[in-house]
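**Q**
Number of protein chains: 2
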Amino acid sequence: MGERIYLYDSTLRDGAQAQGIDFSVADKQAIAEALDAFGIDYVEGGWPGANPTDDAFFAAQPPVKTARISAFGMTRRAGRSASNDPGLQDLLAVNTPTICIVGKSWDWQVETALKVSRAENLRMIADSIGHIVANGREAVFDAEHFFDGYKANPGYALEVLAAAHAAGAEWLVLCDTNGGSMPSEVREIVAAVKAHLPDARLGIHCHNDTEQAVANSIAAVEAGVRQIQGTINGIGERCGNANLIALIPTLMLKMGFDTGLSDEQLTRIGQLSRLVDDRLNRAPNRHAAYVGASAFAHKGGLHVSAMNKDSRSYEHIDPALVGASRLILVSDKAGRSNIVNRLHQMGIAVDDSDDRIGDLVKAVKEREALGYAYEDASASFELMALQKLGTSPSYYELQSYRALDECRIDAHGKRFTVAEATVKLKIGGESVMTVAEGNGPVNALDAALRKALLPHYPELSAMHLNDYKVRILTPSEATAALTRVMIESRDDDGHKWNTLGVSHNVIDASYHALFDAITYHLMKARAGK
Amino acid sequence: MGERIYLYDSTLRDGAQAQGIDFSVADKQAIAEALDAFGIDYVEGGWPGANPTDDAFFAAQPPVKTARISAFGMTRRAGRSASNDPGLQDLLAVNTPTICIVGKSWDWQVETALKVSRAENLRMIADSIGHIVANGREAVFDAEHFFDGYKANPGYALEVLAAAHAAGAEWLVLCDTNGGSMPSEVREIVAAVKAHLPDARLGIHCHNDTEQAVANSIAAVEAGVRQIQGTINGIGERCGNANLIALIPTLMLKMGFDTGLSDEQLTRIGQLSRLVDDRLNRAPNRHAAYVGASAFAHKGGLHVSAMNKDSRSYEHIDPALVGASRLILVSDKAGRSNIVNRLHQMGIAVDDSDDRIGDLVKAVKEREALGYAYEDASASFELMALQKLGTSPSYYELQSYRALDECRIDAHGKRFTVAEATVKLKIGGESVMTVAEGNGPVNALDAALRKALLPHYPELSAMHLNDYKVRILTPSEATAALTRVMIESRDDDGHKWNTLGVSHNVIDASYHALFDAITYHLMKARAGK
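In the order they appear, the protein sequences are chains E and H.
Counting along the first sequence from 1, when you hit position 523 you're at 523 in the UniProt record's numbering, and nothing is skipped either side.
Counting along the second sequence from 1, when you hit position 392 you're at 392 in the UniProt record's numbering, and nothing is skipped either side.
1. Compare the C-beta of H:D148 with all C-beta atoms of chain E and state if any pair is closer than 9 Å.
2. Which residues in the same chain as E:Q399 place their Cβ atom closer than 8 Å to its Cβ, once the five residues preceding and following it in sequence are excluded?
3. When the cut-off is 9 Å and only beta carbons count, does H:V442 lie next to chain E?
4. Determine which residues share a DSSP beta bridge with E:M74 and list them.
5. Just the chain H side, please: which residues come within less than 8 Å of E:Y511 by C-beta, in chain order?
6. Suppose you measure from the CA of E:L107 to the CA of E:D142; what does that come to, to the nearest Å?
7. For H:D258, which residues does DSSP report across the bridge?
8. Is there a Cβ from chain H that is less than 9 Å from the Cβ of E:D376?
9. Whose C-beta lies closer than 6 Å to the C-beta of H:H344 among residues of the same chain, with five residues either side of it excluded?
10. CA-CA distance, residue 568 of chain E and E:N285?
11. Given that a residue counts as buried once 16 or more other Cβ atoms are within 10 Å of its Cβ, and exposed if not, what is E:S313?
12. Assuming E:D55 and E:Y6 make a contact with CB atoms under 8 Å, what is their CB distance in whole Å?
13. By alpha-carbon positions, which one of E:A167, E:T210, E:G130, E:G230 ends up nearest to E:L174?
14. Check for me: the beta strand (DSSP E) holding E:N498 runs from which residue to which?
15. For the segment 37–69 of chain H, list the beta strand (DSSP E) runs that are entirely contained and at least 3 residues long, ordered along the chain.
16. When the cut-off is 9 Å and only beta carbons count, does H:A334 lie next to chain E?
17. Mapping DSSP to helix, strand and coil, what is E:Q109?
18. Start and end of the alpha helix (DSSP H) containing E:Q89?
19. Is there at least one Cβ from chain H nearer than 9 Å to E:A215's Cβ?
20. I want to verify the contact list: residues of chain E whose CB lies under 9 Å from the CB of H:Q399, in sequence order.
21. Look up E:A220 in the DSSP assignment and say whether it is helix, strand or coil.
22. Take H:T417 and list the residues in its own chain whose beta-carbon comes closer than 6 Å to its own, dropping the five residues that flank it on each side.
23. Should H:G234 be flagged as near chain E, meaning a C-beta pair shorter than 9 Å?
24. Which residues in chain H have a C-beta closer than 9 Å to the C-beta of E:S294? List them in chain order.
25. Quick one: what's got a C-beta closer than 8 Å to E:Q109's C-beta in the same chain, skipping five residues either side?
26. Give, in chain order, every residue of the segment 251–263 of chain E whose Cβ lies closer than 7 Å to some Cβ of chain H.
27. Interface residues of chain E around H:Y314 at Cβ under 8 Å?
28. Should E:Q212 be labelled buried (16 or more other beta-carbon atoms within 10 Å of its own) or exposed?
29. Taking E:Y156 as part of the alpha helix (DSSP H), name the residues at either end of that continuous run.
30. Which residue marks the beginning of the alpha helix (DSSP H) containing E:T422, and which one marks its end?
31. Closer than 9 Å, Cβ to Cβ, to anything on chain E: give me those residues from the segment 200–230 of chain H, in chain order.
32. If we cut at 9 Å on Cβ distances, does H:L453 have a partner in chain E?
33. What residue range is occupied by the uninterrupted beta strand (DSSP E) comprising H:S489?
34. If you measure beta-carbon to beta-carbon, which residues of the segment 102–121 of chain E are closer than 9 Å to chain H?
35. Select from E:H205, E:S70, E:I21, E:P52 the residue whose C-alpha is nearest the C-alpha of E:G45.
36. Out of H:R137, H:D405, H:E397, H:A403, state which residue places its alpha-carbon closest to the alpha-carbon of E:A411.
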């Protein structure tokens, strides 16, 4: 196994600086526990004294097994002793094994922002680190604006690091605070630091302002850095921080480093990524490296036929190493081999040379040209495939529906809207007609369908609508545009399935998606799965 | 100015391979025109013969000013002459100045996927390139799996490039097809290719599977590559392609290369990025490098004047260079001055201390918390502001509307749908009731409103609906979700305006957006502008 790289997570501190991110104390505790359970070395919990959430987190630190909780703060103020500095007192009071202190390393910043002498800045850093170490804590030094500072005045930037090192800092972390450095600069500057301070343990802290935070971190590791500061999913101010979720598999699988994580722990990296998205109520990025839903998805027909011959053709790693699995997509770009593969995955046995496969490929291409998108609606795809193969189930027959939407304004200017739908269905030879109201016409139609079907198919009570999306496919025709509706449904066991409908009429598109959702649910429920 | 780097956009071909992306022909045409207008060198339009959308795009290629449209395809099949190969015939038939041919450069792939001899693969590449050049087209050669191939058998990978070069390929593009290469590998291998084929013009094509597609492209440029293939916003299969939107500013502002774009063109890069998101009906990534809404956002507490003086402390480039502006996350006071600024921009004179401004700030905050998005619907914002200031115009009063949607299936299984809407309005004291049909309920409602209003407001004949978008704001409630409708309208002089409506009911949300669109048009038309 290769050299050890230490992982320092700042999701709860630097990540929380991002626009739109608002962790509760419970979020912070849950994320800290998950980081520990996953096997991250350092968990930076926040900045004591900065806000009530961070204070509450440190007052009730979650139990950790192996991670070190770190508290973040800044060097003592000018003209005070470290032991009398209220910021440092707050930091020491929260009783974490590790404290990370940020200090300035760009001389121009020392003069214009801090407005102290360069010598006093060095003393502020050395005193603060020394005080933390004297109190028995591990000190991490974040050298703010280090790369900009080094480019402006390399001598002073190195003096800053040397001061922190001499005072007992365990780690000297080089920060690309503005996120504008290039990997070649990072590599060169880290090498110069390494040559100047051969005994120091170096860390790196990058931001993604040129979309190179991961590459900058990797370049720093190649030049000798052994701690990486980053966040889960790269969340952070402006364009975000270095994404630990992308870095960890690369460090382990491509560079052979020891991150302290076992192979088994690595397979849980997708869970960690999704836990943070769930806490933030965000849809996961399906294109995320290693963990995105599309990271090992294959769409082109050319690729899929090669994929069957050997997965090395189109996958840079075995998806199982990061707990992921291969996904074959059905779409306009798909060839015969994608479709046969999909059918096999669904448990539908067809022969590669079956004539009906050609019809199905043609039908998919024609419908996708109209605006259908089967790759995100695999239940609708499965139903269409079964129909083309002559084995699709039928649970009811639509005779008519009507959706009515009415708005009236009374004499006081008060607005009343009502949506009502009627459906007429043939269910097992019997004609059934029902009517229901809803929040809108689609909701009313859904209610009327359920009212008609439930007495015949009680399994329907276990089906719920989870998500409803509308997309206009030809927006230049404005309200006459073609509409695509996608519905995600789930059952009581948590299974989910996706269906779609396309029509010029949004109600009709919704009806088709509802019809497929119901048919698919009944088919699966009756097959006992 | 530095050396020239050529930009080759594959949004419409490789980008279209991404899960969830399905461009219509109109989308492709609009994006190709925008890429040309922005100043991209090459626009790869698709793969002739692969699907109906690509064929329709090439059959009706948009007019371009400076970009070269490129068609993508593969080498001739084994055991055929290039002139008799149907794929190459399709490619030549679409009549683009440039043709990009993909060929295999990994010997293992040649044997297992193509199942031809290494020598035949070289002939397939040379014949195909030669045939394209003989037909007077510029040939670009995409060396598939080049980095994996080079790592496995450098001699053969170089032979492949040499064959394409000797046959007359203008560009040899090194593809990291699986996206798993590291920047240090890319740099080293590109340098070896450059040493082996010093006369060849090299390109790079990277994927983002380790979140390093941008860094890999930059490393290749540093090693001598002069063409970059990528996509707008990095869309593409699996984790996406190299993101041209992140690369272009870095190449120009940090590396001093000439991309053929002027400084003025660079300021329009955010517009290009948003146009592609709009076409895909996606919310833009607010954390995107250079163009994201948060890319130059700074948290509250910073003094704007200090920021202006010391912007180097917080920003790696001047946001104006990429057409962006600094965003200070607002306090209540800053919110007030923003709104006053916006009213002044609209020509509405209000005093900073006017009490009604406070009401307006409160209303905007409350409505935006519900899901309104006024920054994309400035006409609706203006109408709401006028209403709060007590000066909003009124052209009619709604008394009621009704939208009816009916679907019947006849005895032969044929489906009939009809949408009909009725409106009852008070126009200048007169009560008017009209009914109209449409493609769907919203289209019918639009038609009925126009029928009622046109005799009183003939200016309405000059108003057209340009775009109609629906977004579900609380998707977890499924069909009962809150719906936001945004409408873009235009007049005969080409002016455009955007309005919105939010409701649980999609018809009602649409009515509100239509109402604002009509009111805004009449107000502007009657003011003579």
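Cβ atoms here follow ideal geometry from the backbone N, Cα and C, with glycine treated the same way.
**A** In brief:
1. Locating residue 148 of chain H in the second sequence gives position 148, counting from the first residue. It does; some Cβ of chain E falls within 9 Å.
2. The sequence position of residue 399 of chain E within the first sequence is 399, counting from 1. Cβ within range, chain order: K424, L425, K426, S431.
3. Translated into positions along the second sequence, residue 442 of chain H becomes position 442. Using beta-carbon distances, H:V442 counts as an interface residue toward chain E, with a partner under 9 Å.
4. Counting from one through the first sequence, the residue named residue 74 of chain E turns up at place 74. According to DSSP, E:M74 bridges with E:V102.
5. Here residue 511 of chain E corresponds to residue number 511 of the first sequence, with the count starting at 1. Ordered by position in chain H, the residues that pass the 8 Å Cβ test against E:Y511 are C407.
6. Counting from 1 along the first sequence, the entry for residue 107 of chain E is found at position 107. Counting from 1 along the first sequence, the entry for residue 142 of chain E is found at position 142. According to the sequence shown, residue 107 of chain E is Asp rather than Leu. Rounded to the nearest whole angstrom, the CA to CA distance from E:D107 to E:D142 is 15 Å.
7. In the second sequence, the residue the question calls residue 258 of chain H occupies position 258. Note: H:D258 sits in a beta bridge opposite H:R4.
8. The residue labelled residue 376 of chain E in the question sits at position 376 within the first sequence. Yes - at least one Cβ of chain H is within 9 Å of the one on E:D376.
9. Taking the second sequence and counting its residues from 1, one reaches residue 344 of chain H at position 344. Excluding residues within five positions, none has a Cβ falling inside 6 Å.
10. Residue 568 of chain E is absent from the structure shown; chain E starts at 1 and stops at 529.
11. Reading the first sequence from its first residue, position 313 is the one you call residue 313 of chain E. It is buried - the Cβ of E:S313 has at least 16 other Cβ atoms within 10 Å.
12. As a working mapping, residue 55 of chain E is identified with position 55 in the first sequence. As a working mapping, residue 6 of chain E is identified with position 6 in the first sequence. At roughly 27 Å, the Cβ-Cβ gap does not stay under 8 Å, so E:D55 and E:Y6 are not in contact.
13. Numbered from 1 along the first sequence, position 174 holds the residue referred to as residue 174 of chain E. Considering only alpha carbons, the answer is E:G230.
14. Taking the first sequence and counting its residues from 1, the one referred to as residue 498 of chain E is at position 498. Counting along the chain, the beta strand (DSSP E) containing E:N498 begins and ends at 496–503.
15. As far as the segment 37–69 of chain H is concerned, its whole beta strand (DSSP E) runs of at least 3 residues are 42–46.
16. Here residue 334 of chain H is taken as the residue at index 334 of the second sequence, counted from 1. Low confidence applies to H:A334: its pLDDT is 46, below 50, so where it sits in the model is not reliable, and the reading given next is rough at best. Output row for H:A334: interface = no.
17. Here residue 109 of chain E is taken as the residue at index 109 of the first sequence, counted from 1. Correct three-state label for E:Q109: helix.
18. As a first step, residue 89 of chain E must be located in the first sequence, where it is residue number 89. In the DSSP assignment, E:Q89 falls within the unbroken alpha helix (DSSP H) covering 86–93.
19. Translated into the one-based positions of the first sequence, residue 215 of chain E becomes position 215. Under the 9 Å criterion on CB atoms, E:A215 is classed as interfacial with respect to chain H.
20. The residue you call residue 399 of chain H lines up with position 399 of the second sequence. When 9 Å is used as the limit between beta carbons, H:Q399 is near these residues of chain E: R408, I409, in chain order.
21. Translated into the one-based positions of the first sequence, residue 220 of chain E becomes position 220. DSSP, read as helix, strand or coil, puts E:A220 in helix.
22. The sequence position of residue 417 of chain H within the second sequence is 417, counting from 1. Contacts found: C407.
23. Along the second sequence, read from residue 1 onward, the residue named residue 234 of chain H stands at position 234. Cβ-Cβ to chain E under 9 Å: yes for H:G234.
24. For the purposes of this step, residue 294 of chain E is identified with residue 294 of the first sequence, where counting begins at 1. For a Cβ distance threshold of 9 Å, residue set A18, Q19, G20, E237, R238, C239, G240 of chain H lies close to E:S294, ordered along the chain.
25. Start at 1 with the first residue of the first sequence, and residue 109 of chain E comes out as number 109. So the qualifying residues of the chain are E144, H145, G149.
26. Listed by position, the residues of the segment 251–263 of chain E near chain H (Cβ gap below 7 Å) are K254.
27. On the second sequence, residue 314 of chain H is found 314 positions in, with the first residue counted as 1. Here the neighbours are N178.
28. In the first sequence, the residue the question calls residue 212 of chain E occupies position 212. By the 16-neighbour rule on beta-carbons within 10 angstroms, E:Q212 is buried.
29. In the first sequence, the residue the question calls residue 156 of chain E occupies position 156. From DSSP, the alpha helix (DSSP H) with E:Y156 extends over 154–166.
30. Numbered from 1 along the first sequence, position 422 holds the residue referred to as residue 422 of chain E. That residue, E:T422, is in no alpha helix (DSSP H); its beta strand (DSSP E) goes 415–427.
31. Result list: H207, N208, D209, T210, E211, Q212, A213, V214, A215, N216, I218, A219, E222.
32. In the second sequence, residue 453 of chain H corresponds to position 453, counting from 1. By this cut-off, H:L453 is not an interface position.
33. Walking along the second sequence from the start, residue 489 of chain H turns up at place 489. From DSSP, the beta strand (DSSP E) with H:S489 extends over 483–491.
34. Cβ contacts with chain H come from W106, W108, Q109, T112, A113.
35. The sequence position of residue 45 of chain E within the first sequence is 45, counting from 1. Taking only the C-alpha atoms, the option nearest E:G45 is E:S70.
36. As a working mapping, residue 411 of chain E is identified with position 411 in the first sequence. Among H:R137, H:D405, H:E397, H:A403, the Cα nearest to that of E:A411 is on H:E397.
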